[in-house]
Structure formats: structure tokens, C-alpha cells
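Participant:
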Amino acid sequence: MAKHKYATTPPNLTGMPPGVPYIIGNEAAERFSYYGMKSVLTVFMAHFILNQSGLLAPMSSNEAYMYTHYFVFGVYFLPILGAIIADGWLGKYWTILSLSIVYCLGNLTLACMATTWGIAIGQRTMLAIGLFLICLGAGGIKPCVSANVGDQFGESNKHLLSKMFGWFYFSINAGSFISSLLCPWLLGNPKYGPGWAFGIPGIAMLIATLFFWGGRSKMVHVPPAGLGYLRETFSKEGLITLARIAMVYVFILVFWALWGMSNGA
39 MAKHKYATTP PNLTGMPPGV PYIIGNEAAE RFSYYGMKSV LTVFMAHFIL NQSGLLAPMS
99 SNEAYMYTHY FVFGVYFLPI LGAIIADGWL GKYWTILSLS IVYCLGNLTL ACMATTWGIA
159 IGQRTMLAIG LFLICLGAGG IKPCVSANVG DQFGESNKHL LSKMFGWFYF SINAGSFISS
219 LLCPWLLGNP KYGPGWAFGI PGIAMLIATL FFWGGRSKMV HVPPAGLGYL RETFSKEGLI
279 TLARIAMVYV FILVFWALWG MSNGA
């Protein structure tokens with residue numbers, strides 16, 4: 039790839055950047071995928087999962103909740119890895135795109151649990167692999183998505199950022215709301231079942247990835263800072279700064295842990 043194949047700084051525009059529709063479409067579809075899958079995850083494990091003989095072998099409620107909470111923990115822990123990859127090596131755009139492909143593979147694995155060979159391999163095995171891949175994908179892109187929005191704006195149109203983030207968060211809420219209604223209905227309907235309940239979020243994530251890839255020439259690609267950034271971050275002074283920030287995030291972690299537990303129940 040040529041060094042300057044894509045713009046690395048925002049153009050001098052007074053209107054919305056050209057990459058905005060692709061970002062909004064990507065975010066709506068990705069959030070549809072994540073929340074749709076998550077809305078059926080615990081119920082699937084507690085009521086629908088099969089053993090390798092194709093017989094119903096559900097987890098206990100406590101075990102299903104435990105799997106769900108470990109999954110959510112991974113999704114919210116792995117943004118650290120995503121941030122390091124983006125700022126140290128790939129940049130935000132290519133980190134989002136590459137980990138979105140991993141995300142798609144995770145959804146594909148979950149959707150294939152309902153197939154004959156998925157049952158033969160073991161739905162619990164397929165579930166663990168799929169959730170691990172989705173953790174890498176969803177967690178890895180999390181620190182990059184909102185920051186990538188900001189990268190598209192310069193001094194001449196920064197006044198539109200609040201409007202852009204309004205659309206951005208509307209897309210999140212719209213995608214998650216629709217999928218949280220649709221996917222549980224698909225899971226509980228004998229005509230569709232787990233294959234569709236996990237497959238539709240997988241299709242949505244594929245659409246999100248293709249949408250994001252389609253907007254590559256319209257978006258600003260801020261180059262990564264390189265390994266120097268990592269050395270500064272993990273220097274003595276950097277670690278002291280991180281420790282101070284971590285004191286604030288302890289309370290945030292407790293809040294979201296309790297929020298996740300209430301949703302899991």
C-alpha cells in the first residue's frame with residue numbers, strides 16, 4: 039500500500055466529512071450484531087444447547103450466567119489490546135477492519151453450532167471458540183470507533199461533531215433495540231431457532247464490515263504513532279499517569295459489572 043494512498047489529515051470542509059455515512063452504517067449494523075447475539079446468549083446456553091449426540095444438554099442458570107459474564111468481561115478488557123494495536127502498528131481504520139473480520143468469524147462459528155457438523159464437534163466447543171473470537175473483535179475495535187469519528191473532523195467543521203455523535207449514538211440505540219427484539223423471537227420460534235438467532239447477527243456484522251471497507255477512500259486514515267508510543271506509554275512516567283487514571287476507572291468497572299449482572303439476571 040502506498041504511503042499516502044488515503045488522506046491522513048481531515049480535508050478543509052465546512053460540512054460533514056464524506057466518510058460519515060459509512061461510519062454510521064457500520065456502527066448501526068455492528069451494534070445490531072452484538073446486542074442481538076448477546077440478547078439470546080444466556081437463554082441459548084440454559085435452554086437450547088445440545089450435546090454431541092444431538093440431545094438437549096442445557097447448562098445450569100449459574101453456569102450460563104458465568105459464561106455470559108466472562109464474555110462481557112473479555113469484551114470490555116480487550117479494548118486495551120485494540121488500542122495498543124491501533125496506536126502502535128495498524129492505525130485505527132485498519133485495526134477496525136481487520137478485527138471486524140475476526141468478529142465475523144466468531145459470529146459464523148456461533149451460527150454453525152446448529153449444523154450437523156457443529157453438533158458433532160460439540161456446541162460447547164463451538165460456543166467457546168465463537169465467543170473468544172467475538173471478544174477479540176468487539177473488544178479490539180471498541181477504543182477505535184469513536185476516536186475514528188473524531189479523526190474525520192478538522193478545525194473548519196469541528197462544530198458539527200456534536201451533531202455527528204448524536205447520529206452516531208442514535209445508530210447504536212436503533213441497531214441494539216431492533217436486534218434485541220428480533221433475535222429472541224427467532225430463538226424461541228421453532229421455525230427458526232438458534233441457527234437464525236445467531237446467523238442474523240452474523241450477517242449484520244458482515245454487512246458492517248463491508249460497509250466500513252467500502253468507505254475506505256472516503257475516510258481519514260491517521261497513521262499509527264509507532265513503537266515510540268508504546269515505549270512512552272509504558273515508561274515510568276507513563277505508568278504513573280496510567281495508575282492515576284486507573285483509580286477513576288475502578289468505579290466505572292464496578293458500575294458496568296453490576297449493570298451487566300442485572301442484565302444477565
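Using the working numbering, you'd call the opening residue of the sequence shown number 39 and step up by one each time.
Glycine included, every Cβ here is placed at the ideal spot set by N, Cα and C.
#1: Below 6 Å CB to CB, which residues in the same chain sit around isoleucine 157 once its five sequence neighbours on both sides are set aside?
#2: Which whole-angstrom value describes the C-beta separation of isoleucine 179 and asparagine 145, a residue pair presumed to lie in contact below a C-beta threshold of 8 Å?
#3: Could you spell out the range, first to last residue, of the alpha helix (DSSP H) harbouring glutamate 270?
#4: Give me the DSSP bridge partner(s) of leucine 88.
#5: With alanine 152 as the anchor, note down where its alpha helix (DSSP H) starts and where it stops.
#6: Mind checking which residues open and close the alpha helix (DSSP H) that includes glutamate 101?
#7: Pick out whichever of Lys201, Met285, Gly252 has its Cα sitting closest to the Cα of glycine 57.
#8: Between the C-alpha atoms of threonine 271 and threonine 279, what's the straight-line distance to the nearest angstrom?
#9: Here's a check: name, in chain order, each residue in its chain whose Cβ is nearer than 6 Å to the Cβ of tyrosine 72, leaving out the five neighbours to either side.
#10: I'd like to check one pair, isoleucine 122 with leucine 220: are the Cβ atoms closer than 9 Å?
#11: Around the C-beta of glutamate 193, are 16 or more other C-beta atoms found within 10 angstroms, so that it is buried, or is it exposed?
#12: Can you tell me whether tyrosine 287 is helix, strand or coil according to DSSP?
#13: Run through DSSP, which three-state label would serine 50 get?
#14: Among Gly160, Phe170, Ile118, Gly74, which residue has its Cα nearest to the Cα of valine 140?
#15: For alanine 84, which option in Asn195, Ala66, Ser218, Glu101 has the closest C-alpha, if you only look at C-alpha atoms?
#16: Going by beta-carbon coordinates alone, are glycine 53 and asparagine 195 separated by less than 9 Å?
#17: Could you work out which residue in Lys256, Val288, Thr47, Phe86 is closest to tyrosine 230 when comparing CA atoms only?
#18: Between which two residues does the alpha helix (DSSP H) carrying glycine 178 extend?
#19: For alanine 124, collect the residues of the same chain with a Cβ closer than 6 Å to its Cβ; drop the 5 residues on either side in sequence, then sort them by chain order.
#20: For lysine 256, I'd like the list of residues in its chain whose CB is within less than 7 Å of its CB, leaving aside the five on either flank, ordered along the chain.
#21: Looking at threonine 47: is its Cβ nearer than 9 Å to the Cβ of valine 258?
#22: Could you pull out every residue in the same chain whose Cβ sits closer than 6 Å to the Cβ of glycine 160, ignoring the five residues on either side in sequence?
#23: Under the three-state reduction of DSSP, which class applies to asparagine 195: helix, strand or coil?
Facilitator: Reading it off the structure:
#1: Leu88, Gly92
#2: Their Cβ separation, rounded to whole angstroms, is 14 Å, which puts isoleucine 179 and asparagine 145 out of contact at 8 Å.
#3: 265-271
#4: Leu94
#5: No alpha helix (DSSP H) holds alanine 152; DSSP gives it neither H nor E.
#6: 99-115
#7: Gly252
#8: 9 Å
#9: Ala176
#10: no
#11: exposed
#12: helix
#13: One point to set straight first is that residue 50 is asparagine, not serine, in the sequence displayed. The answer is coil: DSSP assigns asparagine 50 none of H, G, I, E or B.
#14: Phe170
#15: Glu101
#16: yes
#17: Phe86
#18: 161-189
#19: Lys130, Thr133, Cys182
#20: Pro56, Gly57, Tyr60
#21: yes
#22: Gln90
#23: coil
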